[in-house]
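*Asks:*
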Amino acid sequence: MRSPIRIVFEQRNETPKYLSTLVPLISVIAALVAGGLFLLATGYSPIDTYSNMLSDGFTSSRGITDTLGLSTVLICTGISAAFAFQMNLYNIGGEGQLYLGMIGGAWAGLALGDRLPSFVMIPTVLLLGSLAGAVWILIPAYVRSRLGTSEIVTTLLLTYVAASLVDHFVYSPGSFFVTKNSAFPQGRLVPDSASLTAFGDTSLYPTFFLVALLALVLYWVVKRTEFGYRIQVIADSPRAAHYAGINANRTTLSVMLISGALSGLGGAALIVGPFGRLDPGITLLGYGYAGIVIAALARNNFSAIIVSGILFAGLRSGGDKLQISTDTPIHIGVMLQGAILLFALGGEAFRRYRIHAVRAERAAQ
Amino acid sequence: MNENIWVLASADSVAIATTLILAALGALFTERSGVLNLGIEGILLTAAISSFLAADASGSIWLGLLIGSLAGALLAGIHALLSVVLRANQIVAGLALVIFGTGLANFLGKPVEGKTVTTIIHPLSFGALSDIPLVGPIVFGQDIITYASIAIAILSSLYLFRSRPGLELRATGDDPATVDAQGLSVASIRIRYTLFGGLLVGLGGSWLMLAQSAAWHQASTTNGIGWIALALVVFAGWRPLRLIFGAVLFGFTLQLPFTLQAEQITFIPSALMQMLPYLATLVALIALSRPSTRNKLGAPKALGTPFVRDER
Numbered sequence: 014m015r016s017p018i019r020i021v022f023e024q025r026n027e028t029p030k031y032l033s034t035l036v037p038l039i040s041v042i043a044a045l046v047a048g049g050l051f052l053l054a055t056g057y058s059p060i061d062t063y064s065n066m067l068s069d070g071f072t073s074s075r076g077i078t079d080t081l082g083l084s085t086v087l088i089c090t091g092i093s094a095a096f097a098f099q100m101n102l103y104n105i106g107g108e109g110q111l112y113l114g115m116i117g118g119a120w121a122g123l124a125l126g127d128r129l130p131s132f133v134m135i136p137t138v139l140l141l142g143s144l145a146g147a148v149w150i151l152i153p154a155y156v157r158s159r160l161g162t163s164e165i166v167t168t169l170l171l172t173y174v175a176a177s178l179v180d181h182f183v184y185s186p187g188s189f190f191v192t193k194n195s196a197f198p199q200g201r202l203v204p205d206s207a208s209l210t211a212f213g214d215t216s217l218y219p220t221f222f223l224v225a226l227l228a229l230v231l232y233w234v235v236k237r238t239e240f241g242y243r244i245q246v247i248a249d250s251p252r253a254a255h256y257a258g259i260n261a262n263r264t265t266l267s268v269m270l271i272s273g274a275l276s277g278l279g280g281a282a283l284i285v286g287p288f289g290r291l292d293p294g295i296t297l298l299g300y301g302y303a304g305i306v307i308a309a310l311a312r313n314n315f316s317a318i319i320v321s322g323i324l325f326a327g328l329r330s331g332g333d334k335l336q337i338s339t340d341t342p343i344h345i346g347v348m349l350q351g352a353i354l355l356f357a358l359g360g361e362a363f364r365r366y367r368i369h370a371v372r373a374e375r376a377a378q
Numbered sequence: 018m019n020e021n022i023w024v025l026a027s028a029d030s031v032a033i034a035t036t037l038i039l040a041a042l043g044a045l046f047t048e049r050s051g052v053l054n055l056g057i058e059g060i061l062l063t064a065a066i067s068s069f070l071a072a073d074a075s076g077s078i079w080l081g082l083l084i085g086s087l088a089g090a091l092l093a094g095i096h097a098l099l100s101v102v103l104r105a106n107q108i109v110a111g112l113a114l115v116i117f118g119t120g121l122a123n124f125l126g127k128p129v130e131g132k133t134v135t136t137i138i139h140p141l142s143f144g145a146l147s148d149i150p151l152v153g154p155i156v157f158g159q160d161i162i163t164y165a166s167i168a169i170a171i172l173s174s175l176y177l178f179r180s181r182p183g184l185e186l187r188a189t190g191d192d193p194a195t196v197d198a199q200g201l202s203v204a205s206i207r208i209r210y211t212l213f214g215g216l217l218v219g220l221g222g223s224w225l226m227l228a229q230s231a232a233w234h235q236a237s238t239t240n241g242i243g244w245i246a247l248a249l250v251v252f253a254g255w256r257p258l259r260l261i262f263g264a265v266l267f268g269f270t271l272q273l274p275f276t277l278q279a280e281q282i283t284f285i286p287s288a289l290m291q292m293l294p295y296l297a298t299l300v301a302l303i304a305l306s307r308p309s310t311r312n313k314l315g316a317p318k319a320l321g322t323p324f325v326r327d328e329r
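In order, the protein sequence lines correspond to chains A and B. Quick note, this note's numbering runs 13 ahead of the 1-based positions in the first sequence. Quick note, this note's numbering runs 17 ahead of the 1-based positions in the second sequence.
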């Protein structure tokens with residue numbers, strides 16, 4: 014027996030413009046409401062939690078600069094994820110590529126030492142970090158383009174390998190990356206020539222503007238260049254791309270390497286910015302994973318990633334300070350990230366389909 | 018070299034394989050129906066902490082296992098809603114589930130961080146049998162869930178390849194249009210097996226907590242086992258029996274660092290040893306995707322694609 018009322022999905026021929034903004038917005042609100050109910054059920058005050066997150070993340074001057082500072086690395090991992098996702102390549106190992114960016118950046122900073130001026134050092138550190146990120150995705154990218162090995166699990170597995178590598182470089186005796194004769198293992202600080210100065214008393218570094226600019230450049234690359242056009246054709250129809258004589262394998266390889274490099278850049282930005290050293294604490298922060306959420310919420314639109322990156326940075330930064338201001342566990346921030354993405358995915362159905370209930374007789378026709 | 022420790026290591030491999038078998042079986046049932054659930058790692062974590070809290074509050078292992086399994090099914094239900102009913106991108110939905118599940122588990126686990134669960138699952142005792150050298154600890158030194166997981170894998174194989182509903186399940190993953198034409202509901206089959214898959218993954222996570230870890234340490238409780246389980250399904254060619262062997266093999270690489278440490282073999286740095294299971298999985302995945310082996314593996318043909326009848 015079928016129920017008399019059936020839900021029918023009718024594909025929209027054209028998506029109304031307002032829905033593309035409205036759906037993510039409602040998703041965020043719905044996730045916050047659901048999170049509030051969850052907080053209430055577990056015995057925490059949603060109002061206290063949210064108002065603290067809001068002021069620590071966005072509305073206080075300290076909060077907003079902290080948020081923008083944190084958004085630097087999140088925009089990096091966001092554009093990294095989106096660059097691969099837009100071609101249906103699911104590089105979910107941005108987390109590991111980020112660690113490699115830190116290792117590469119720290120190595121460049123420490124190896125070149127104080128001999129070079131800042132205007133050479135900073136770009137070198139950023140470049141080597143990006144390169145290390147690209148190297149970390151090389152094997153998944155190569156086997157994906159040659160053998161068709163799914164990149165999803167391979168990129169993710171390498172994240173665990175990268176985490177062990179960070180541990181190795183920090184905890185193995187006599188490591189190049191750590192301070193000699195220190196009471197406990199700690200990364201060596203890179204020389205001053207390889208560190209940028211934050212604006213005033215904040216944690217906002219000039220790299221923020223570099224990264225935001227990079228997101229806009231990528232937006233242009235995808236929309237306006239021949240390379241971007243190739244990506245779109247392959248994403249829409251691999252067969253059409255094949256007949257058009259586009260070498261999909263080569264494009265796959267380049268797109269994945271660029272994606273890895275962007276996450277690596279995020280790691281190197283932490284070296285010239287707030288961290289200044291190889292810090293094993295990075296493996297607990299999940300900046301790379303957050304990039305996946307940021308990209309998905311912005312629907313792989315590079316200029317929208319700047320916005321969703323800042324939004325998530327505020328959520329994280331406000332969430333991280335919760336433990337101090339209230340007794341709510343900081344993990345609510347990560348939970349909300351996941352919840353927002355889940356709601357956004359559900360909301361996508363309303364963007365793509367006209368959903369309505371009809372009587373069974375009509376639906377059966 | 019101490020021979021005994023290698024026997025214990027082999028016994029441990031079989032034990033660790035329990036979570037891998039259950040989690041991979043859960044993924045296998047889900048994928049056989051055509052749904053790709055990448056959220057296994059998040060489901061494992063949430064199930065683990067749920068079983069911890071339930072067992073701690075009630076003092077009952079069984080209640081812990083039950084609540085953990087149900088938590089697994091509940092999270093899988095979110096995935097079913099998104100990917101089957103709302104036709105969302107299954108890959109991103111699965112990843113969202115990992116992030117959500119990790120946050121949720123850490124949130125719930127905050128009050129018991131580092132604490133040990135009061136009741137744990139003990140190995141069964143077979144009297145004299147357990148004392149047989151070599152065979153004793155490996156075959157007769159396990160707990161009830163480990164034996165059950167192997168039994169479930171064997172039953173799953175019979176169900177999949179020797180029963181009518183098993184045939185319908187495989188058909189749903191390979192050719193949903195035909196199943197639909199037979200008058201069966203593709204959506205209902207997919208939702209059911211996604212939930213059942215979540216239940217099995219949840220049981221695996223609960224066992225990991227109550228028998229293996231016993232103490233809650235955030236994400237290191239699962240440490241990527243969910244991802245290895247997903248690779249294991251590919252490795253086993255979506256067949257439950259092969260999965261048992263694969264799980265013991267991966268179980269061996271997972272506990273090897275600890276054995277080597279106990280043996281005081283230190284010429285390989287321990288951090289590098291910890292990479293081994295992930296590298297081994299990676300190599301296995303790449304080796305299996307050579308063109309000569311790929312076709313024999315038999316991935317469900319409609320895996321990851323939503324079934325849409327209304328569209329023309």
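Each residue gets a CB set at the ideal place from its N, CA and C atoms; glycine is no exception. Note that this is a predicted model, so its numbers are computed, not measured.
Counting only beta-carbon atoms, is Arg-307 (chain B) nearer than 8 angstroms to chain A?
*Replies:* Mapped onto the second sequence, residue 307 (chain B) falls at position 290. Closer than 8 angstroms: yes.
*Asks:* Phe-240 (chain A) bridges to which residues according to DSSP?
*Replies:* Here residue 240 (chain A) corresponds to residue number 227 of the first sequence, with the count starting at 1. In the DSSP output, where bridge partners are listed per residue, Phe-240 (chain A) has none listed.
*Asks:* For the segment 355-373 of chain A, which residues have a CB atom closer than 7 angstroms to at least one CB atom of chain B, in sequence order?
*Replies:* Within the segment 355-373 of chain A, the residues whose Cβ lies closer than 7 angstroms to some Cβ of chain B are Leu-355, Leu-358, Gly-359, Glu-361 and Ala-362, listed in chain order.
*Asks:* I need the DSSP call for Ala-300 (chain A), collapsed to helix, strand or coil.
*Replies:* Within the first sequence, the letter at position 287 stands for residue 300 (chain A). Here residue 300 (chain A) turns out to be Tyr, not Ala, going by the sequence shown. The answer is helix: DSSP assigns Tyr-300 (chain A) an H, G or I state.
*Asks:* Residues of chain A with CB under 9 angstroms from Asn-123 (chain B), in chain order?
*Replies:* As a first step, residue 123 (chain B) must be located in the second sequence, where it is residue number 106. Those within 9 angstroms of Asn-123 (chain B) in chain A are Pro-342, Ile-343, His-344, Val-347 and Met-348.
*Asks:* Mind checking Gly-360 (chain A): buried by the 16 CB within 10 Å criterion, or exposed?
*Replies:* Position 347 of the first sequence, counted from the start, is the residue given in the question as residue 360 (chain A). It is buried - the Cβ of Gly-360 (chain A) has at least 16 other Cβ atoms within 10 Å.
*Asks:* Within the continuous beta strand (DSSP E) that includes Gln-24 (chain A), where are the two ends?
*Replies:* Locating residue 24 (chain A) in the first sequence gives position 11, where the first residue counts as 1. From DSSP, the beta strand (DSSP E) with Gln-24 (chain A) extends over 18-24.
*Asks:* Does His-177 (chain A) get closer than 8 angstroms to chain B when you measure Cβ to Cβ?
*Replies:* In the first sequence, residue 177 (chain A) corresponds to position 164, counting from 1. The residue asked about is misnamed: residue 177 (chain A) is Ser in this sequence, not His. True, the Cβ-Cβ gap to chain B drops below 8 angstroms.
*Asks:* With 9 angstroms as the C-beta to C-beta threshold (strictly closer), list the residues of the segment 238-260 of chain B near chain A in chain order.
*Replies:* Asn-240, Gly-241, Trp-244, Ile-245, Leu-247, Ala-248 and Val-251
*Asks:* How do the segment 68-78 of chain A and the segment 212-224 of chain A stand: do at least 3 beta-carbon pairs fall below 8 angstroms, yes or no?
*Replies:* Contact holds between the segment 68-78 of chain A and the segment 212-224 of chain A, because three or more Cβ pairs, one in each stretch, are under 8 angstroms apart.
*Asks:* Where are the alpha helix (DSSP H) runs, 4 residues long or more, that stay fully inside the segment 59-142 of chain B, in chain order?
*Replies:* 78-97 and 107-126
*Asks:* Can you tell me which of the three DSSP states Ala-253 (chain B) falls into?
*Replies:* Locating residue 253 (chain B) in the second sequence gives position 236, counting from the first residue. Correct three-state label for Ala-253 (chain B): coil.
*Asks:* From the DSSP output, in three-state form, read off Arg-329 (chain B) for me.
*Replies:* Here residue 329 (chain B) is taken as the residue at index 312 of the second sequence, counted from 1. Low confidence applies here, because Arg-329 (chain B) scores a pLDDT of 38, under 50, leaving its location unreliable; read the following figure in that light. Coil.
*Asks:* Which ranges does the alpha helix (DSSP H) cover as unbroken runs of at least 4 residues, wholly within the segment 22-55 of chain B, from first to last along the chain?
*Replies:* Whole alpha helix (DSSP H) segments, 4+ residues: zero.
*Asks:* Asp-47 (chain B) and Thr-211 (chain B) look like a contact to me (Cβ under 8 angstroms); what is the Cβ gap, rounded to whole Å?
*Replies:* Residue mapping note: residue 47 (chain B) aligns to position 30 of the second sequence, counting from 1. Residue mapping note: residue 211 (chain B) aligns to position 194 of the second sequence, counting from 1. Contrary to the premise, residue 47 (chain B) reads as Thr rather than Asp in this sequence. About 5 angstroms separates the two Cβ atoms, so the contact holds.
*Asks:* Counting only Cβ pairs nearer than 9 angstroms, list the residues of chain A close to Ile-167 (chain B).
*Replies:* Residue 167 (chain B) sits at position 150 when you count from the first residue of the second sequence. Ordered by position in chain A, no residue passes the 9 angstroms Cβ test against Ile-167 (chain B), which lies about 25 angstroms from the chain.
*Asks:* Name the residues in the segment 40-72 of chain A whose C-beta lies less than 7 angstroms from a C-beta of chain B; which are they?
*Replies:* none
*Asks:* Alpha carbon to alpha carbon, how far is Gly-107 (chain A) from Ala-207 (chain A)? Give it in angstroms, no decimals.
*Replies:* As a working mapping, residue 207 (chain A) is identified with position 194 in the first sequence. As a working mapping, residue 107 (chain A) is identified with position 94 in the first sequence. Using only the alpha carbons, I get a separation of about 24 angstroms.
*Asks:* Tell me whether the beta-carbon of Gly-56 (chain A) lies closer than 8 angstroms to the beta-carbon of Gly-146 (chain A).
*Replies:* The residue labelled residue 56 (chain A) in the question sits at position 43 within the first sequence. The residue labelled residue 146 (chain A) in the question sits at position 133 within the first sequence. Not a contact, by the Cβ cut-off of 8 angstroms.
*Asks:* Got a sec, what are the start and stop residues for the beta strand (DSSP E) Arg-290 (chain A) sits in?
*Replies:* Numbered from its first residue, the first sequence carries residue 290 (chain A) at position 277. Counting along the chain, Arg-290 (chain A) falls outside any beta strand (DSSP E), and DSSP gives it neither H nor E.
*Asks:* With burial defined as no fewer than 16 other Cβ atoms inside 10 Å of the residue's Cβ, what is the status of Gly-315 (chain B): buried or exposed?
*Replies:* Start at 1 with the first residue of the second sequence, and residue 315 (chain B) comes out as number 298. The residue in question, Gly-315 (chain B), is exposed, as its Cβ has fewer than 16 Cβ neighbours within 10 Å.
*Asks:* Run the CB neighbour count on Met-14 (chain A), radius 10 Å, all protein chains shown included, and call it buried at 16 or more, exposed below.
*Replies:* Against the first sequence, residue 14 (chain A) aligns to sequence position 1. At Met-14 (chain A), the pLDDT of 48 sits below 50, so the modelled position is not reliable; the number obtained from the coordinates is stated separately. With fewer than 16 other Cβ atoms inside 10 Å of its own Cβ, Met-14 (chain A) counts as exposed.
*Asks:* With 8 angstroms as the threshold, decide whether the Cβ of Val-174 (chain A) is near any Cβ in chain B.
*Replies:* Counting from 1 along the first sequence, the entry for residue 174 (chain A) is found at position 161. Judged by the 8 angstroms Cβ criterion, Val-174 (chain A) is in contact with chain B.
*Asks:* Would a check of beta-carbon distances place Asn-54 (chain B) closer than 8 angstroms to chain A?
*Replies:* In the second sequence, residue 54 (chain B) corresponds to position 37, counting from 1. Cβ-Cβ to chain A under 8 angstroms: no for Asn-54 (chain B).
*Asks:* Using 10 angstroms around the beta-carbon of Tyr-300 (chain A), count the other beta-carbons present and answer buried if the total reaches 16, otherwise exposed.
*Replies:* On the first sequence, residue 300 (chain A) is found 287 positions in, with the first residue counted as 1. Answer is buried; the Cβ neighbour count reaches 16.
*Asks:* If you follow the alpha helix (DSSP H) that Val-179 (chain A) is part of, which residue opens it and which one closes it?
*Replies:* On the first sequence, residue 179 (chain A) is found 166 positions in, with the first residue counted as 1. Counted as a single uninterrupted DSSP element, the alpha helix (DSSP H) harbouring Val-179 (chain A) occupies residues 164-184.
*Asks:* Taking the C-alpha atoms as reference points, what is the distance between Ala-231 (chain B) and Leu-225 (chain B)?
*Replies:* By one-based count along the second sequence, residue 231 (chain B) stands at place 214. By one-based count along the second sequence, residue 225 (chain B) stands at place 208. Cα-Cα distance, rounded: 8 angstroms.
*Asks:* In three-state DSSP terms, what is His-369 (chain A)?
*Replies:* For the purposes of this step, residue 369 (chain A) is identified with residue 356 of the first sequence, where counting begins at 1. The three-state secondary structure of His-369 (chain A), taken from DSSP, is strand.
*Asks:* Is Gly-258 (chain A) close to chain B? Criterion is C-beta to C-beta, closer than 8 angstroms.
*Replies:* In the first sequence, the residue the question calls residue 258 (chain A) occupies position 245. Not closer than 8 angstroms to any Cβ of chain B, the Cβ of Gly-258 (chain A) fails to qualify, so no.
*Asks:* From Gly-222 (chain B) to Val-235 (chain A), what distance separates their C-alpha atoms?
*Replies:* As a first step, residue 222 (chain B) must be located in the second sequence, where it is residue number 205. As a first step, residue 235 (chain A) must be located in the first sequence, where it is residue number 222. Their backbone Cα atoms lie some 42 angstroms apart in a straight line.
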